[in-house]
Structures are given as structure tokens and as C-alpha cells.
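*Asks:* Could you have a look at this structure, given as C-alpha cells, before my questions?
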Amino acid sequence: MLIDNFTVKSPNVTYTDEHIESTYTYNDTKLTSEDLGDGKSAWTVEPVEQQFKFRTDRRAPKLGIMLVGLGGNNGTTLMGGVVANREGITWKTKEGIRAPDYFGSLTQSATCRVGAVGGEEVFTPFKSLLPMAEPNEIVFDGWDISGMNMADAMERAQVLDWDLQRQLRPFMQDVTPRPGIYDPKFIAANQAARADNVIKGSKQQQMDRIRADVRDFKEKSGVDKVVVLWTANTERYGEVANGLNDTEENLRKSIANDEAEVSPSTLYALACVDEGVPFINGSPQNTFVPGLIDAAVRLKSLIGGDDFKSGQTKMKSVLVDFLVGAGIKPTSIVSYNHLGNNDGMNLSAPSCFRSKEISKSNVVDDMVASNELLYKPGEHPDHVVVIKYVPYVGDSKRAMDEYTSEIFMGGRSTIVMHNTCEDSLLAAPLILDMCLIAELSTRIEIRAPADTEYRGFHPVSVLLSYLTKAPLVPRGTPVVNALAKQRAMLENVFRACVGLAPENNMLLEHK
Numbered sequence: 023m024l025i026d027n028f029t030v031k032s033p034n035v036t037y038t039d040e041h042i043e044s045t046y047t048y049n050d051t052k053l054t055s056e057d058l059g060d061g062k063s064a065w066t067v068e069p070v071e072q073q074f075k076f077r078t079d080r081r082a083p084k085l086g087i088m089l090v091g092l093g094g095n096n097g098t099t100l101m102g103g104v105v106a107n108r109e110g111i112t113w114k115t116k117e118g119i120r121a122p123d124y125f126g127s128l129t130q131s132a133t134c135r136v137g138a139v140g141g142e143e144v145f146t147p148f149k150s151l152l153p154m155a156e157p158n159e160i161v162f163d164g165w166d167i168s169g170m171n172m173a174d175a176m177e178r179a180q181v182l183d184w185d186l187q188r189q190l191r192p193f194m195q196d197v198t199p200r201p202g203i204y205d206p207k208f209i210a211a212n213q214a215a216r217a218d219n220v221i222k223g224s225k226q227q228q229m230d231r232i233r234a235d236v237r238d239f240k241e242k243s244g245v246d247k248v249v250v251l252w253t254a255n256t257e258r259y260g261e262v263a264n265g266l267n268d269t270e271e272n273l274r275k276s277i278a279n280d281e282a283e284v285s286p287s288t289l290y291a292l293a294c295v296d297e298g299v300p301f302i303n304g305s306p307q308n309t310f311v312p313g314l315i316d317a318a319v320r321l322k323s324l325i326g327g328d329d330f331k332s333g334q335t336k337m338k339s340v341l342v343d344f345l346v347g348a349g350i351k352p353t354s355i356v357s358y359n360h361l362g363n364n365d366g367m368n369l370s371a372p373s374c375f376r377s378k379e380i381s382k383s384n385v386v387d388d389m390v391a392s393n394e395l396l397y398k399p400g401e402h403p404d405h406v407v408v409i410k411y412v413p414y415v416g417d418s419k420r421a422m423d424e425y426t427s428e429i430f431m432g433g434r435s436t437i438v439m440h441n442t443c444e445d446s447l448l449a450a451p452l453i454l455d456m457c458l459i460a461e462l463s464t465r466i467e468i469r470a471p472a473d474t475e476y477r478g479f480h481p482v483s484v485l486l487s488y489l490t491k492a493p494l495v496p497r498g499t500p501v502v503n504a505l506a507k508q509r510a511m512l513e514n515v516f517r518a519c520v521g522l523a524p525e526n527n528m529l530l531e532h533k
């Protein structure tokens, strides 16, 4: 059974016109050990409870999304999809008439269990847990080093069906990206042919222009809040060095001095931090250098990333979690991809591919570390990632994986998987989710037992982990890549905000 909305009736939850306030009991454990000598210890696990308070602003804003790489495959696909949903556009395909949807979006097309009635489980849309911005009211803007209007860029991308493109053209042909920051040292040389719409000047001047663009969009569009997301080309990894970007002060000095190793994505991110606008990195490069993170923490401005987790890596974070959780030992993981869109062309440059290889390879680390019965310290599965550019296949990415594992009594198991998908049709709803969750995060305040007043979540947004290949987390926070754990964390935090217990699936009432 599906219910569209609900109200929590509890002495621990209060609804006002402006806020939902909840008092939440957080159950955890405290571990202590006693040294018994000879390398042995006696461990004690003690259940502990802490009282947290949450306050969520119920007033969902009209949202503006600014995309870096607005005219790319992801940007045109997302904007086209939102316009189609807003306008109720249907289109003809060889299989018949299609209606617009938000399939692939956690916030718009997934559900959460809230209980049971008469033995039947009851679910609610994920978006009904807390007030979220309305996707059909989103206003789009952004930057691109290609000045092509959005209708022509959509046609260039070759993602959406032609009859849909034809009907979307009047809504998109007058939207032109703002000039973007172009530094050929950070992306593949083959992108130079597109770079006809670039911001001139020093790095400081470029960053100042981005800040001015954000203010201009917010003032002229009538939106209440803005979120900026990088969906442009994957950059090569930038150098991280003392005196260059290790502190906020040094990063700002490096920008003022026009240091070559400050990447365009870092300039966009710092501009957004200075404007108090959430910035999300949808690519794998190391945008968030230490000095940038320091700035975000000091200014309490949300940042999140890195790299969309849409296809092969999402499957990997499910399958390896299953194998290790079942006591099976993956020993070899080989992942092969080929695609023919502009992302694939840019990744054909070895330095740019290296950024992607790092983000795709680290996804199993926490699962391996969770089971020392299978893996000795320092032991890790052989893990190889290959990406090749094949122009003919366009946006239809092919992913092939082979998982070899050790099973009972020296046996071996091999799982081979083939996945064909439209790359941008998977990524676009993730972009939507990232922006909606990032905006919502700025309206949630928390009061921990040690706090004297409410505060926002940590500026490094762990809530976006479910949607990213290489989750950015605050220093000292465990990195979790297992998909089920990431989704449970996100859902349970939202449940806590309305005073509901975590979904534990115990069903004790039926035991």
C-alpha cells in the first residue's frame, strides 16, 4: 500500500507553520578492551543512548540549479526531462506513446516503509519524508565552454528520442550557457574544438566572474535558493602541496598569484563557498583540496562529492557487499567499459582517465576492511578498471565485469555481468537528487548532546554518499561505499528528523 503523505503523532515531534521539530533517541555502542597479555584482549560492548534534537524548515523553496557543463549530455538530458515533466509532453517511439517520468530518481521514484496495516506493509514516497523542492519548478542556468544553445546541444547529445527533442526545442532554444572557465592543462586536448565560450583573465578574475554569475542568476530568475553542480569534463588530478593549496590562506594566495595548479573546478567550488551556495562535484577529480575544505568549514557552506555513482560502480557496491557479507572472498575484480559520448572522448586522455580509475577502484575498500576473517591486514582483491572510447556507441555505455571469488574448501566462483545503459539517462536523475538533497540539508538543524544550540550539519555533506563513487566525508569520518548502508543512512537520518525510528526490518510483531 502507498500513502502520499503522513503526519507523525508523538510527544517527541512538534509541527509549526515553519518547522518540524523532533527529539530522537540515538542508540549506539561503546567498546572497551582489557589487555590480557600475550596479544590478547577482553572486549566489552555497552549499549548507549543519546538524545538528539532536529529542526527542519518546512518551507521548501523554488530552486535554481546551475550546472557547470550545462550544454553537455547530462545537462541537456536533465533540463529536457524536467521540462517534459513540467509541460506534460508525451512523445512517439516505435514501441508507442511515452509519458514523462522521473525513473531513476531516489527522491521522486523510490519509496520508504512506514509501517503495516492488517498485515500489509505501507510505504510512502521518499520525497514525502521531509518537504523537498518541487522538481517541476526548477529553473536551470549554468556555464559551458561551448556556447551552443540548449536545443542544439540536446540534438548534439543524441540521448533523448527525436520526437521528444522536437517538442522540447521551443523551451530550450533560447537558453544559452554562460561562458565557462577553460584551462587546457586540466582536460583532454580534444576538447579544444568545443571551447568557443570561455572566461578570459586571471584565475582571480575568473573566480570573481563565477561569483557574479551566481548572484546575477539568483537576482534575475526569482528563485529562492541556488545549488551549483559540476557535470563538466573530468579533470586530471591536481597537485596538492604545502604552500599551494594545503590551507585556505595558501589556496587564496595561489589564486591571487595565478598559480597554474589551481584547477577550474576548484575555482568554481571556492566561488560557491564564498557565495554561501552548495557546490557538488559530479566528477572524480580532486576538486576539494585541503584549503577548499577549510574554507567550506569556516564559512559553513555545503560541499559534496565526488563522481556520480550511476551504473557499473553502483552494481559493484551492491555485489561486493553481498559477497563479503555472505562470507565469500572476492579475489579478482576486472571492470571494462566502453562508450562514445564526449565524456568517453575526454577520458581517452590518460591523465583524465586516472582520475576516474581512482574513484572507481576505491569503492570496495570499506567492504574488504569489514571482514578480517576473509582478508588479512594489507590484503585486497586484484582490481582493474579499463575505459575505452568507441564513438559509434554514443551515450549507450557498455560495462562488463568479472568477479572471481574463493568459496568453500578451495573452490572458486566466477560471476560475469554485462550492463548496457544510456549513460546520461542514469546520471540525470542522480543530479536532480543531489541538488534536492543538498538544498534540503541546508534546512535541517541538529542539536547534539554536547551542543548548547542548534547548528547545521557539517559542511562536508555525508548525506550525498549514496549518489557518489568516492564519498567526500569530514576528516576522521569512516568512508562507507556499500550501497545498502548508504541508503539506510540517508533514509534513517530523514526519519529521525520526523521522530521515526530507523527501519530495522526486525518485524518482531510477527515473531
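The sequence shown maps to residues 23 to 533 in the numbering used here.
C-beta atoms are modelled at their ideal positions from N, C-alpha and C, and glycine is treated no differently.
1. Could you spell out where the alpha helix (DSSP H) holding V342 opens and where it closes?
2. Whole angstroms are fine: how far does the CA of T335 sit from the CA of R420?
3. Ordered along the chain, which non-local residues of its own chain (more than five positions away) have a Cβ less than 8 Å from that of A506?
4. On the DSSP bridge assignment, give the partners of V319 in chain order.
5. With DSSP as the reference, label M422 as helix, strand or coil.
6. Just checking, does the region 185-200 make contact with the region 99-107 on the three C-beta pairs under 8 Å criterion?
7. What residue range does the beta strand (DSSP E) around I468 cover?
8. CB-CB under 8 Å to N27, same chain, minus the five flanking residues each way: which ones, in chain order?
9. According to DSSP, is L6 helix, strand or coil?
10. Find the nearest neighbour of V385 within the set V502, W252, D123, judged by alpha-carbon distance.
11. If we ignore side chains and look at the alpha-carbon of each, how far apart do P153 and A132 end up?
12. Quick check on Q72: does DSSP put it in helix, strand or coil?
13. Mapping the DSSP letters down to three states, classify M456 as helix, strand or coil.
14. Would the region 200-213 and the region 221-230 be scored as touching if the rule is three or more Cβ pairs under 8 Å?
15. Which one of C134, T36, T198, E159 has the shortest CA to CA distance from W165?
16. Give the C-beta separation of D417 and V181 to the nearest angstrom, bearing in mind that I take them to be a contact with Cβ-Cβ under 8 Å.
17. Report yes or no: do three or more beta-carbon pairs, one from the region 253-268 and one from the region 82-102, lie closer than 8 Å?
18. Leaving aside the five residues before and after M23 along the sequence, list all residues of the same chain whose C-beta is less than 8 Å from its C-beta, in chain order.
19. Taking only the alpha-carbon atoms, compute the straight-line gap between F74 and N34 and give it to the nearest angstrom.
20. Tell me whether L85 sits in a helix, a strand or coil according to DSSP, three-state version.
21. Is DSSP giving F330 helix, strand or coil here?
22. Among residues of its own chain, excluding the 5 on either side of L396, which ones have a beta-carbon nearer than 6 Å to its beta-carbon?
23. Could you pull the start and end residues of the alpha helix (DSSP H) that M23 belongs to?
24. Measuring CA to CA, which of E424, F310, N158 is closest to M439?
25. Residues bridged to Y259 by DSSP?
26. Are V249 and I437 close, meaning C-beta to C-beta below 8 Å?
27. Assess, as a yes-or-no matter, whether the region 77-87 is touched by the region 451-470 under the definition of 3 or more beta carbon pairs within less than 8 Å.
28. Got a sec? Which residues, its chain only, sit under 7 Å from N393 by beta carbon, not counting five neighbours each side?
29. At 4 residues or longer, and completely inside the region 162-216: list those alpha helix (DSSP H) runs for me, N to C.
30. Run through DSSP, which three-state label would N384 get?
31. Report the CB separation of S357 from V407 in whole angstroms; it is logged as a contact under 8 Å.
32. Taking contact to mean 3 or more Cβ pairs, one atom from each stretch, closer than 8 Å, check whether the region 281-300 and the region 236-250 are in contact.
33. Judging by CA-CA distance, which residue of P83, L273, M367 is the nearest neighbour of V412?
34. Should D328 and A492 be called a contact, given that it needs their Cβ atoms to be closer than 8 Å?
35. Helix, strand or coil for P312 per DSSP?
36. Considering only the alpha carbon of each residue, which of L361, L485, R135 lies closest to I409?
*Replies:* Considering the structure as presented:
1. 334-347
2. 13 Å
3. V340, D343
4. Per DSSP, none; premise fails for V319.
5. strand
6. yes
7. 466-469
8. T146, S150
9. In the structure as shown, the chain begins at 23 and stops at 533. Residue 6 is therefore absent and cannot be evaluated.
10. V502
11. 15 Å
12. strand
13. helix
14. yes
15. T198
16. 5 Å
17. yes
18. V139, E142, E143, V144, F145
19. 11 Å
20. strand
21. strand
22. K351
23. Element bounds for M23: n/a, residue is neither H nor E.
24. E424
25. Note: Y259 sits in no beta bridge, so no partner.
26. no
27. yes
28. V346
29. 172-179, 184-194
30. helix
31. 5 Å
32. yes
33. M367
34. yes
35. helix
36. L361
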